[in-house]
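If you read the sequence shown in the UniProt record's numbering, its first letter stands for residue 1, the second for the next number, and so on.
Every residue gets a Cβ at the ideal spot worked out from N, C-alpha and C, and that includes glycine.
Remarks on the structure that follows.
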Amino acid sequence: MGMEKHVLLGQHKELIQCLRSNYYPPCMAPEKVLGLSPHSDTSTITILMQDDDVIGLEIRHKGNWVPVTPISDALVVNVGDTIEIWSNGKYKSVEHRAVTNKNKRRTSHASFLIPRDDVEVEPFDHMIDAQNPKMYQKVLYGDYLRQSMKRKMDGKTHTDVAKIKEQVIEK
1 MGMEKHVLLG
11 QHKELIQCLR
21 SNYYPPCMAP
31 EKVLGLSPHS
41 DTSTITILMQ
51 DDDVIGLEIR
61 HKGNWVPVTP
71 ISDALVVNVG
81 DTIEIWSNGK
91 YKSVEHRAVT
101 NKNKRRTSHA
111 SFLIPRDDVE
121 VEPFDHMIDA
131 QNPKMYQKVL
141 YGDYLRQSMK
151 RKMDGKTHTD
161 VAKIKEQVIE
171 K
C-alpha cells in the first residue's frame with residue numbers, strides 16, 4: 001500500500017489472531033445447502049487451511065461464483081475488510097462462501113488477523129486524492145466488528161457501516 005511495514009503493524013497495536021475450524025459433512029443435496037453464506041471477512045487478512053481433495057470454497061468474481069481449487073500443501077490468503085478500508089477501496093476484501101459436497105466431508109481452519117477493538121480504522125491519507133476521494137469514514141474496529149456480526153451474512157452489505165453515504169463531487 002505504499003508504506004513501511006511497521007506502519008501497518010502499528011495500526012494493530014498488537015497482533016490478535018482468532019481461529020475458526022469448520023466441518024462440512026457430506027450433503028445429499030449440495031445444490032440446496034450452503035456450508036457458509038456469502039460474506040467477506042472483517043479481518044485485516046485471513047489465512048485459510050483447507051482439505052486439498054475437495055472443492056468447497058468459492059469466491060465471487062464479476063458477479064459469478066468461481067470455485068477455488070485447493071492446492072496441496074498451500075494456504076489461501078484473503079484480504080479482509082480492514083485492508084479495504086485502509087486502502088480506500090484499492091484492495092478489495094474477498095466475497096466468498098463455502099459449499100457442500102455430495103460425497104465428501106470437508107474441513108477448513110481459518111486464522112483471522114484483526115486489530116484491537118479500540119483501533120480507529122479509516123483510509124490512510126496517502127490513499128486519498130482528487131481522483132480517489134475518501135470512500136470510508138473513521139470507525140472503531142470493535143464497533144465495526146459488532147455491527148457486522150449483528151447482520152445476516154449477506155455478501156458485503158456489512159461494509160456499509162463504514163462507507164461514506166454521500167459524496168459531493170466538485171466540478
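For M153, which of helix, strand or coil comes out of DSSP?
coil
L140 by DSSP, collapsed to three states: which one?
strand
Can you look up Q147 in the DSSP assignment and give me helix, strand or coil?
Here Q147 sits in helix by DSSP.
Taking the C-alpha atoms as reference points, what is the distance between T42 and N103?
32 Å
Simplified DSSP state of E120, which is helix, strand or coil:
strand
Go to H61, then tell me how far its beta strand (DSSP E) extends in each direction, as first and last residue.
57-61
Out of R105, G155, L75, which has the shortest C-alpha to C-alpha gap to H96?
G155
Using alpha carbons as the reference points, say which of I59, E122, M127 lies closest to K163.
E122
How about R105 and P25: do their beta carbons lie closer than 8 Å?
yes
Report all residues from its chain with a CB closer than 8 Å to the CB of N101; omit the five preceding and five following residues, and keep chain order.
Y24, P26, C27, P30, V54, I55, G56
Buried versus exposed, by CB contacts within 10 Å (16 or more), residue 176
For residue 176 there is no data in the structure shown, the boundaries of the chain being 1 and 171.
Exposed or buried, what is G80 when buried is set at 16 or more other beta-carbons lying within 10 Å of its beta-carbon?
It is buried - the Cβ of G80 has at least 16 other Cβ atoms within 10 Å.
Using a beta-carbon distance below 8 Å, is V99 in contact with chain C?
In summary, chain C is missing from the structure at hand, where a single protein chain is found.
Cβ-based neighbour list, L19, same chain, cut-off 8 Å, excluding 5 preceding and 5 following:
H109, A110, S111, F112
Less than 8 Å between the CB atoms is what I'm expecting for I83 and I45, so what's the real figure, rounded?
I83 to I45, Cβ: 7 Å. Contact.
Using a 10 Å radius around the Cβ and a threshold of 16 neighbouring Cβ atoms, would you call G35 buried or exposed?
buried
Euclidean distance between Cα positions of K165 and M135
9 Å
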